[in-house]
Structures are given as C-alpha cells and as structure tokens.
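Counting in the numbering used here, the sequence shown runs from 1080 upward without gaps. Every residue, glycine too, gets a C-beta built ideally from N, C-alpha and C. All values reported here derive from a predicted model rather than from experimental measurement.
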Amino acid sequence: MNFVILDLEWNGAYSKKAKKFVNEIIEFGAVKIDEQFNIIDTFSMLVTPQIGKKLNSRVSELTHITTQELFDSHNTFTHVLSKFKKFLSDSVLMTWGTSDILTLMENCKYYLSEEKLTFMTTYCNLQTYCEHRLNHTDKSRQMGLSACAEQLSISTEGLELHRACDDAKLSFKCLKKLYDKNALREFIEIADDEFYRKITFKNTVLFDLKNPLIDKKEFYICCDKCSRKARRKSKWICKNRSFRAQFRCAKCKRDFEGRITFRLKYEGVTVDRRVVEKAKPDNDAKPKNLLSKLIK
Ligand SMILES: [Zn+2]
C-alpha cells in the first residue's frame, strides 16, 4: 500500500457563473511514499486560473507564485487533475487538515460537476493523526503544520513553505516521525457516502439555551487546580457564543470565571469547559499614561 500526501495552493476568485467566491486551485504538490516510508515519486504542477485573472496579493506574497507563471504554464484544472489521478492510482490520499480536500471537491464540482472525488478510495487526515500522536487535546485549536514540525524539532531549512510540494514534504517528515502502523490504520477512512457526509458537515456552536440539544446537566465547572466542582456565584450569561458565570472553589479559595461552549459536530454535541483566571488588580500593569509621565 502506498500513500500520497497532497497539498494545494489556491486563490479566492469571484465566479460570475456561480455567483460566489470559489477557492480556485493554482498549484498541486504531492509526494508518494511506499510502505518502507521512502519517497518514491513527487508531483508538482501549476494550474492556469480560469476564474480569477489576477492573484490576490496575500496569495502571491505567501507562495511567491506570480500570475504570469500561472498563465505561462497552460495547464487547465482538468488536465492537472487527470495527471494527478494517474499519480494517485490506488494509494491512500492524505492531506493536512480537511481544507485541501474540501477545496479539491469544490473545484471538481465547479469544473466537472462532480460532487465526490471518484478517483479516491481511501483517505487519511494527517492533522488529526498527528494531533492524536502528540496528545494534542485542545480540540478547539487545530495544530498547524509548522507548529507540528516545530514541536517535533523538524527543520524546515531548504523547504519553500507555502509551496505545495514542499508543504507535502514537510507533512511527510511529521508523519514519518510519528509513524505507527497500527495507530495510522485507525485513521484511514474509506471514501464512502458516510465519509462525504462527515467531511462536509458544518460544525456549529450552540448558544440558544432553548435548543433541546443543550443538556442542562452539563452546566457545571470544576476547579482546574483540585478538580472539585466549584460553586457558582453569578447567573449564567451568554457572551461570544459561550456561556459564562463566576465561580469559587471553596478548597483552593480561588475565584474564577467558568466558560462552557457547546458545539454540534457530525459525531454529536461536544462540551468544552474552561476556567479563566480573574484579571489581577492593576498594580503591576503598565501605567496607562506612560507618555504623560515621561513628558513630566
Ligand atoms: Zn480548587
């Protein structure tokens, strides 16, 4: 079984035909790995845009790709995709996070009217795999590729980051360091109907108390020092889509704010609880009117 790690670069462009912004793919980059974890082939192709006539400055700054280069490449999306299909063959397709695969789906839908990636049989999200291996438990903050590489002391020297093929190589280095055959197997998914329902599911934050999906029994906070249930001292309020109240831990004699966020995900409702320390009195804060003091 081979693996193909794919990375894409894209440019947001307004399509008059679709009457919306489309993330138009401008570069495909990929590496193919054998079972012994050797890179056996690489793939790198630019795509000539058909929607956006000019790259956004942010994209060209990040990627160093120029609009001229893209037009000089004379590759339509359909052409590059057919080359990539041959490259992928029956390998497991891997991406860092789901945005690349969702963008690939968006482009296939736009250009080929295909809702699914018919050429893909199995898929693996490298980001969730690496997060799992690194015990990254904070599900509300996803781990970026560079952050993962840094944590694993992987050097990015000689790599041109934010270019598709080099980002794919960096993902490969992270995967190689965290590789465990049995652990990885758990993260390889078959691209069936359920897979597409799951990947296209839009996570939402639930913040209407009347929503029957919000379980009232979940409204508690434990002290983050001693793990005991803390005593609530104020009413719950909803702010920035999370529920907040003031708490006191009788044992630690601490006051803090408790915050609860309910998220509806494909798997069901998740509850995220956080303890936020009260801001200390302003004694050691920087003097607000430092300037006026200096003038004196
Ligand atoms: Zn406590």
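- In this structure, the C-beta of residue 1330 approaches ligand 1 to less than 7 Å from one of its heavy atoms.
- Note on residue 1112: 16 or more other CB atoms within 10 angstroms of its CB, so buried under the neighbour-count rule.
- Beyond the five residues adjoining it in sequence on each side, residue 1119 comes within less than 6 Å, by CB distance, of 1111, 1113 in the same chain, given in chain order.
- As the crow flies, the alpha-carbon of residue 1194 is around 56 Å from that of residue 1330.
- Note: residue 1175 is not bridge-paired with any residue in the DSSP secondary-structure output.
- The segment 1126 to 1144 and the segment 1100 to 1107 touch, with no fewer than 3 CB-CB distances between them shorter than 8 Å.
- Excluding sequence positions up to five before and after residue 1122, its CB lies within less than 6 Å of the CB of 1109, 1166, all in the same chain and listed in chain order.
- Taking 7 Å as the cut-off, one finds no heavy atom of ligand 1 near enough to the beta carbon of residue 1098.
- In this structure, DSSP gives residue 1150 a helical state, which the three-state scheme calls helix.
- In the displayed model, residue 1209 falls within a helix according to three-state DSSP.
- Cα atoms of residue 1309 and residue 1208: separation of roughly 34 Å, rounded to the nearest angstrom.
- Sixteen is the threshold: when 16 or more other Cβ atoms of the shown chains lie within 10 Å of the Cβ of residue 1228, as they do, the residue is buried.
- Excluding five sequence positions before and after residue 1246, the CB atoms of its chain that fall closer than 6 Å to its own CB belong to 1086, given in chain order.
- Rounded to the nearest whole angstrom, the CA to CA distance from residue 1318 to residue 1344 is 21 Å.
- Between the alpha carbons of residue 1312 and residue 1285 lies a gap of roughly 24 Å.
- For the 8 Å CB-CB criterion, residue 1326 and residue 1356 do not form a contact.
- As DSSP reads the structure, residue 1089 sits in a beta bridge with 1104.
- For residue 1120, the enclosing beta strand (DSSP E) stretches over residues 1118 to 1125.
- Ranking 1211, 1205, 1281 by CA distance to the CA of residue 1254 puts 1205 first.
- Bridge pairing for residue 1351: 1340 [DSSP].
- Relative to ligand 1, the nearest heavy atom lies less than 7 Å away from the CB of residue 1302.
- Of the candidates 1223, 1221, 1161, 1252, the residue whose Cα lies closest to the Cα of residue 1236 is 1252.
- Residue side-chain check: residue 1352 keeps its Cβ at 7 Å or more from all non-hydrogen atoms of ligand 1.
- Going by C-alpha positions, residue 1347 is about 45 Å away from residue 1148.
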